[in-house]
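**Q**
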Amino acid sequence: GAGVSQTPSNKVTEKGKYVELRCDPISGHTALYWYRQSLGQGPEFLIYFQGTGAADDSGLPNDRFFAVRPEGSVSTLKIQRTERGDSAVYLCASSLRLGVNNEQFFGPGTRLTVL
Amino acid sequence: AQSVTQLGSHVSVSEGALVLLRCNYSSSVPPYLFWYVQYPNQGLQLLLKYTSAATLVKGINGFEAEFKKSETSFHLTKPSAHMSDAAEYFCAVSDDRGSTLGRLYFGRGTQLTVWP
């Protein structure tokens with residue numbers, strides 16, 4: 001079956017612009033996670049959803065970052081007034097349910113470059 | 116608070132040699148531990164996980180890891196490296212309770228190179 005997909009695979013934008021990154025989870029997975037992977041670092045948690053609601057958004061770095069999952073499936077990560085420091089690979093993962101016994105399946109990521 | 120330290124950002128081995136990738140964790144509660152592999156231009160893939168059952172965990176592709184509470188370690192090993200094992204490996208810790216349910220905390224990763 002289809003895995004987690006993320007679009008676009010690459011996004012280049014200018015400082016100050018607004019961007020949206022999309023994640024399509026595996027069908028039927030209720031939990032969805034966003035991570036950010038900066039160059040030379042491991043993935044860093046941003047936010048996760050159980051269904052439509054953000055169960056934990058404490059990893060979002062500031063109020064320029066926002067994520068939604070209006071119908072409990074597709075999620076969009078939104079970044080306002082982008083800064084060069086936002087450049088990273090943004091990873092999405094989904095799992096059947098929350099909890100460590102539910103494997104997180106990762107998408108290939110969106111590489112964001114802010115010029 | 117939970118964290119993971121991976122010792123060695125780069126490891127190089129010859130094909131057929133032992134692979135040892137080191138991971139130490141810090142956790143205020145009994146941890147759940149994971150190893151993920153990332154091939155170029157692909158998503159992270161789960162290799163194996165420890166969730167408080169057997170301390171020696173076997174994963175895919177011949178990898179295994181041993182949870183040692185006294186050493187707070189969860190090192191990844193493979194007896195004989197193959198060229199296809201070349202990738203980046205991430206150790207991660209999580210817990211299964213409270214507000215951080217399901218969150219993964221990753222190490223910085225170890226790039227494994229396998230020489231022919």
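Chains as they are written, first to last, in the working numbering: chain A, 1 to 115; chain B, 116 to 231.
Just so it is clear, CB atoms sit at the ideal spot from N, CA and C, and this is done for glycine as well.
1. Applying the criterion that 16 or more other CB atoms from any shown protein chain within 10 Å of the CB defines a buried residue, is P43 (chain A) buried or exposed?
2. Is E186 (chain B) helix, strand or coil when you go by DSSP?
3. Check whether the region 153–170 of chain B and the region 127–144 of chain B touch, using three or more Cβ-Cβ pairs below 8 Å as the test.
4. May I have the straight-line CA-CA distance separating R111 (chain A) from R36 (chain A), to the nearest angstrom?
5. So, at 6 Å on beta carbons, what are the nonlocal neighbours of A132 (chain B) in its own chain, with the 5 sequence-adjacent residues on each side left out?
6. Please list the residues of the region 81–115 of chain A that have a C-beta atom closer than 8 Å to any C-beta atom in chain B, keeping them in chain order.
7. Where does I175 (chain B) sit, in a helix, a strand or coil, going by DSSP?
8. For G40 (chain A), tell me which candidate among B:S209, B:Q226 and B:P231 has the shortest Cα-Cα distance.
9. How is the beta strand (DSSP E) around N139 (chain B) delimited, first residue to last?
10. In three-state DSSP terms, what is R84 (chain A)?
11. By the 8 Å beta-carbon criterion, what residues does the region 168–200 of chain B contribute toward chain C?
12. Would you kindly report the start and end of the unbroken beta strand (DSSP E) that includes T76 (chain A)?
13. So, with DSSP's three-state summary, where would you put S209 (chain B)?
14. Would you kindly check if the distance between the Cβ of S73 (chain A) and the Cβ of A67 (chain A) is under 8 Å?
15. In the structure shown, what three-state DSSP assignment does S199 (chain B) receive?
16. V12 (chain A) to K78 (chain A), Cα distance in whole Å?
17. Please report the residue range of the beta strand (DSSP E) in which D24 (chain A) lies.
18. Just to confirm the assignment, what range does the beta strand (DSSP E) spanning Q117 (chain B) have?
19. Below 8 Å on the Cβ atoms is my guess for L191 (chain B) versus A207 (chain B); work out the distance and round it to an integer in Å.
20. Since G53 (chain A) sits in a beta bridge, which residues does DSSP pair it with?
21. In whole angstroms, what separates the C-alpha of P108 (chain A) from that of S94 (chain A)?
**A** Per the coordinate set shown:
1. buried
2. helix
3. no
4. 10 Å
5. A196
6. L91, A93, S95, L98, G99, V100, N101, N102, E103, Q104, F105, F106, G107, P108 and G109
7. helix
8. B:Q226
9. V134 to S141
10. helix
11. Among the chains of the structure shown, chain C does not appear; the protein chains present are A and B.
12. S75 to I79
13. strand
14. no
15. helix
16. 14 Å
17. V19 to D24
18. Counting along the chain, Q117 (chain B) falls outside any beta strand (DSSP E), and DSSP gives it neither H nor E.
19. Not quite, the Cβ-Cβ distance comes to about 12 Å (not below 8 Å), so this is no contact.
20. A:Q50
21. 12 Å
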